Amino acid sequence: MAALSDIIFPSQESSISNNNINKILGDLKRSNLSITNRLRSIQKDADFVEEVAAALAGGAGGSNGDGDGHGAKRKSRPLVANERCGSWYIRPGMKGASAYFKSTDGHTGQWKFSTRRLNLHLLPIIERCDGIIIIDSTRRGKRMPDSLSKTVPVWCCVLNRTLFPELTESHGLYVPPNVVSDSEKSQMLSRVPGFVDSLEQLNLDLAGLRTQISKPIRPTWVTQETDLSHYHDRDEDNNEDDGRIFESFRPVICCTSSRRITDGEMSGHSGYVQGAGDDTENWALGLTPRLFWDNAEQLLSAPEADLPELIRSLVASASSNTTNQQSHPMTTTTTTTTTTTTTTTTTTTTTTTTTTTINGTDPVADALPSSVTQLTPFLHVSPLPLPQPLPGRDPGGAPQTWCTITILSAPAPPETWPQSPTHMEVGLGARHKAASRALRTALPRICEFAYRSLLLGPQPQPQPQPQPQPPYHPRVLVADESGGRDLAAGVALALLCWCFDDDDGRRVRGAEPSSRAERPVFTKDVVRARLGRIMTAMPDANPNRATLQSVNSFLMDWV
27 MAALSDIIFP SQESSISNNN INKILGDLKR SNLSITNRLR SIQKDADFVE EVAAALAGGA
87 GGSNGDGDGH GAKRKSRPLV ANERCGSWYI RPGMKGASAY FKSTDGHTGQ WKFSTRRLNL
147 HLLPIIERCD GIIIIDSTRR GKRMPDSLSK TVPVWCCVLN RTLFPELTES HGLYVPPNVV
207 SDSEKSQMLS RVPGFVDSLE QLNLDLAGLR TQISKPIRPT WVTQETDLSH YHDRDEDNNE
267 DDGRIFESFR PVICCTSSRR ITDGEMSGHS GYVQGAGDDT ENWALGLTPR LFWDNAEQLL
327 SAPEADLPEL IRSLVASASS NTTNQQSHPM TTTTTTTTTT TTTTTTTTTT TTTTTTTING
387 TDPVADALPS SVTQLTPFLH VSPLPLPQPL PGRDPGGAPQ TWCTITILSA PAPPETWPQS
447 PTHMEVGLGA RHKAASRALR TALPRICEFA YRSLLLGPQP QPQPQPQPQP PYHPRVLVAD
507 ESGGRDLAAG VALALLCWCF DDDDGRRVRG AEPSSRAERP VFTKDVVRAR LGRIMTAMPD
567 ANPNRATLQS VNSFLMDWV
């Protein structure tokens, strides 16, 4: 006779059956989301992106569409990768630029105009090429990502209202009607005036921006459901067609690279993965878009079982090549400085440096290595290793001293950080969030070190001088292993706030205040405005949230 425990009751049988079904479905899903399927899907979507480029890029030799009668030639509309995902779908050599429009800024009820990611570097490209083609993708089931359907439209609307206030007919919000409902569009539009105010509060050079774009900008959308033959036929049938899409606008073409897979469609048979380039931290094993395309043939032909080891090998090789190029000896950082700058009797002359301003062109900036980005007259960032040589003298013959700060991935106690009068090494660690948090305790040392260096100048000019020469000023260069985009950008933001008394970083603030009451008060608006200055100078800077929180915490606690 069977024991009671051996009897399977109907509810148990149903539960066991459901568990088996769930396991089978889970296995099928994991199988479909294999690395092989992802890479092959990326390749297919990249083919579609090339088709879009051929149909919509226009041609070099067409008019720029200004209607000025001059027939100015324009370049083809470039492919712009919306990072991080978009770069996977653009083959090397076809990528014209990067953009940073977050899908989270377009989520329903959370619409936002980012004052941290202004993307203003796109304006001259849009003007020169009569538009751009932004590439992004989205996950299974969606027609297009929120970044393209809502974040970009809000960006266009805000910029049009800010840069073309008199052209009220261009102030509308354009969204894809089959994706964004009228109700949601109305709610988004109600927030636009506040977004315009937030942009204006950054105190950017709006007059300068208006010289970069002559027409308002307007989004339009392309997916794999779009019939591209219309554009090909138009080019073939009309020799006078110069590729213009709008008469009164510059087009911002939002291209969703991935094919839409509906919930009812079983994609496991084809192996296609919608939005395959997304969530790379869960599958890519360190593989990057560039590394993928450089080794695409080898990766796409490898068996699935061999891919993890192959990818790890490629990543390790690329990392080794980078590491071999990086060395940070103290002697290499001061090759462009003069030994006479060790004089430290500057405490009596600090007042002469605090009111210094820079007018006109910056001759030293013209001599900077290409890897160095100038954020303000005195602040620069770069990737590691530190670039050599840095300008040792300006064209007038005055010596140029550099204060260099390197952010290293090897963690080390602050008291062990190597330091000289003109160089400091800061060991924060390799993990991004941990390093960003460690930055909070490192910033006081870093800022005091840089501030002392800034107070060294201007230095006495070489004698005799045939004509009065402009004063020379020390410069600060911050380098990190992310190309200067994360921790270095965060340090530069802290320095811009802590060491200078203006948003543009032209005036080094006065001598160290003797009491807390004399210290400047930092607000989030002040920090946001100076971050906007940095992001305008370096659009691909990407200080993560933890980095910015560390900077804010340091500045707010300092008062």
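Heads up: the sequence shown begins at 27 in the numbering used here, then just goes up one per residue. The C-beta atom is built at its ideal place from N, Cα and C for all residues, glycine as well. Please read these numbers as outputs of a predicted model, since none were measured by experiment.
Residue i to residue j, Cα distance in whole Å?
i: T288; j: V398; result: 46 angstroms
i: Q575; j: I560; result: 16 angstroms
i: P315; j: L326; result: 14 angstroms
i: T442; j: R165; result: 47 angstroms
i: L481; j: R463; result: 28 angstroms
i: L59; j: V341; result: 21 angstroms
i: A461; j: G455; result: 5 angstroms
i: L410; j: V184; result: 36 angstroms
i: N570; j: D512; result: 6 angstroms
i: L469; j: H406; result: 17 angstroms
i: S408; j: D253; result: 44 angstroms
i: P444; j: F475; result: 12 angstroms
i: G112; j: A72; result: 10 angstroms
i: E109; j: P329; result: 29 angstroms
i: K101; j: Q227; result: 34 angstroms
i: V78; j: F275; result: 20 angstroms
i: M393; j: P417; result: At residue 393 the sequence reads Ala, which differs from the Met that was named. Rounded to whole angstroms, A393 to P417 spans 6 angstroms at the Cα level.
i: I431; j: Q250; result: 47 angstroms
i: V106; j: D305; result: 20 angstroms
i: F526; j: P437; result: 29 angstroms
i: C155; j: A123; result: 13 angstroms
i: I158; j: L65; result: 26 angstroms
i: R217; j: L232; result: 21 angstroms
i: D332; j: Q324; result: 11 angstroms
i: V502; j: R143; result: 24 angstroms
i: C473; j: A391; result: 23 angstroms
i: E210; j: V504; result: 43 angstroms
Quick one: using the 10 Å Cβ neighbour count with 16 as the cut-off for buried, is residue i buried or exposed?
i: A81; result: buried
i: L193; result: exposed
i: G135; result: exposed
i: K550; result: exposed
i: E507; result: buried
i: T130; result: exposed
i: R457; result: exposed
i: Q213; result: exposed
i: G167; result: exposed
i: N63; result: buried
i: P104; result: buried
i: D572; result: At residue 572 the sequence reads Ala, which differs from the Asp that was named. Buried is the call here.
i: Q300; result: buried
i: D223; result: exposed
i: D208; result: exposed
Just to check my reading of the structure: residue i and residue j have Cβ atoms closer than 8 angstroms, yes? What is that Cβ distance to the nearest angstrom?
i: V75; j: C281; result: 7 angstroms
i: L235; j: L189; result: 6 angstroms
i: L149; j: T562; result: Not really, about 11 angstroms apart at Cβ, beyond 8 angstroms.
i: P202; j: W247; result: 5 angstroms
i: L434; j: E451; result: 6 angstroms
i: G558; j: P403; result: About 17 angstroms; that fails the 8 angstroms criterion.
i: T141; j: L225; result: 7 angstroms
Any heavy atom of the ligand PLP closer than 8 angstroms to the CB of residue i?
i: L469; result: Within the structure as shown, the ligand PLP is missing, as the structure has no ligands at all.
Apart from the five residues on each side of it in sequence, which residues of its chain come closer than 8 angstroms, Cβ to Cβ, to residue i?
i: V553; result: L519, C523, V577, N578 and L581
i: N661; result: No statement about residue 661 is possible, as the shown extent of the chain runs from 27 to 585 and does not include it.
i: T467; result: P440
Closer than 6 angstroms by C-beta to residue i: which residues in its own chain qualify, once you throw out the five before and the five after it? Chain order, please.
i: I337; result: L311 and L313
i: F221; result: F139 and V184
i: W114; result: I68, G303 and P315
i: Y298; result: S67
i: S479; result: C429 and P500
i: R169; result: V205 and R286
Cutting at 7 angstroms between CB atoms, please list the residues of its own chain near residue i, excluding the five before and the five after it.
i: W319; result: R117 and P118
i: V206; result: S175 and K176
i: N568; result: R511 and D512
i: N186; result: S196, H197, P242 and I243
i: L401; result: V407, A518, I560, A563 and M564
i: G132; result: D172, S173, S175, K176 and T177
i: F272; result: R244
i: R556; result: L519, L522, C523 and D529
i: I61; result: W309, E330 and L333
i: Y257; result: A81 and L82
Flag residue i as yes if its beta-carbon sits less than 9 angstroms from any beta-carbon of chain D, otherwise no.
i: A563; result: Of the protein chains in this structure there is only one, and it is not chain D.
Extract the residue ranges of the alpha helix (DSSP H) inside the region 385-412, only unbroken runs of 4 or more that lie entirely within it. 389-392
Suppose only complete runs of 4+ residues qualify. What are the alpha helix (DSSP H) ranges in the region 189-232, listed by chain order? 208-226
Could you give the uninterrupted runs of the alpha helix (DSSP H) lying entirely in the region 80-166, keeping only those of 4 residues or more? 148-155
Where are the alpha helix (DSSP H) runs, 4 residues long or more, that stay fully inside the region 308-346, in chain order? 315-320 and 322-327
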